[in-house]
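This report concerns only the one structure given below.
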Amino acid sequence: MVRRLFWNGWILGWLVVFGVQAADAAEIRWMKYEEGLARANSDHKKIFLNFHAEWCGYCTKMNKETFTNPALIAYMNEHFIPIKVDSDKEPQLAQRYRVQGLPTSWFLTDKGEQIANQPGFIPADHLLNMLKYVSTDSYKTLSFKEFLKKK
């Protein structure tokens, strides 16, 4: 009986550990702007910066369709520091990044320097290609179209 309780407890413990890890990987680990800039600098990772607002229909669509894609989530969390900014709550940041419409996504270096931006809704497969293009530094030598052909 004691042995059975031990094994049941041991198995349950491992299920909890792996369950927490799986849940953690199931969503993008968004950060606030200042915290994300500091982390990108210390971790030497590029930044994915997403501007959104609660009232924005395409932002909601991106949250539901793009930012829930498992392959995109895994790649984003491994290769980027993801930052989400509500443009209504932080209009000075939206102005600094010349946000004209929502959603708007920026790619930044680990030092916060601007690489490129993409306004509007981005489907998951397209955003994943964009993330790979930026994270591999392919943007320095290839157009995005050339990168997609080589892929």
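UniProt numbering puts the last residue of the sequence shown at 151; the count rises by one with no breaks. Ideal placement from N, C-alpha and C gives every residue a C-beta, glycine not left out. These numbers were taken from a predicted model, which means no experiment stands behind them.
Rounded to whole angstroms, the gap between the alpha carbons of residue 110 and residue 67 is 21 Å.
In the DSSP assignment, residue 100 falls outside any alpha helix (DSSP H) and carries neither an H nor an E.
The shortest C-alpha to C-alpha distance from residue 126 to any of 93, 37, 101, 75 is the one to 75.
DSSP places residue 123 outside both helix and strand once states are collapsed to three, so it counts as coil.
Excluding five sequence positions before and after residue 116, the CB atoms of its chain that fall closer than 6 Å to its own CB belong to 107, given in chain order. Taking 8 Å as the cut-off, the Cβ atoms of residue 49 and residue 73 do not count as close. In the same chain as residue 124, and ignoring 5 residues on each side of it, the C-beta atoms closer than 6 Å to its own belong to 66, 69, 72, in chain order. In this structure, DSSP gives residue 43 a helical state, which the three-state scheme calls helix. Counting along the chain, the unbroken alpha helix (DSSP H) around residue 144 starts and ends at 144-150. Residue 35 and residue 147 have their C-alpha atoms roughly 31 Å apart. Counting the other CB atoms within 10 Å of its CB gives residue 46 a total of 16 or more, which places it among the buried residues. In the DSSP assignment, residue 84 falls within the unbroken beta strand (DSSP E) covering 80-86. Inclusion of residue 136 and residue 119 in the CB contact set at 8 Å is not warranted, their separation being larger than that value. Judged by DSSP in its simplified three-state form, residue 94 adopts helix. With respect to the C-alpha of residue 131, the residue from 81, 37, 63 having the closest C-alpha is 81.
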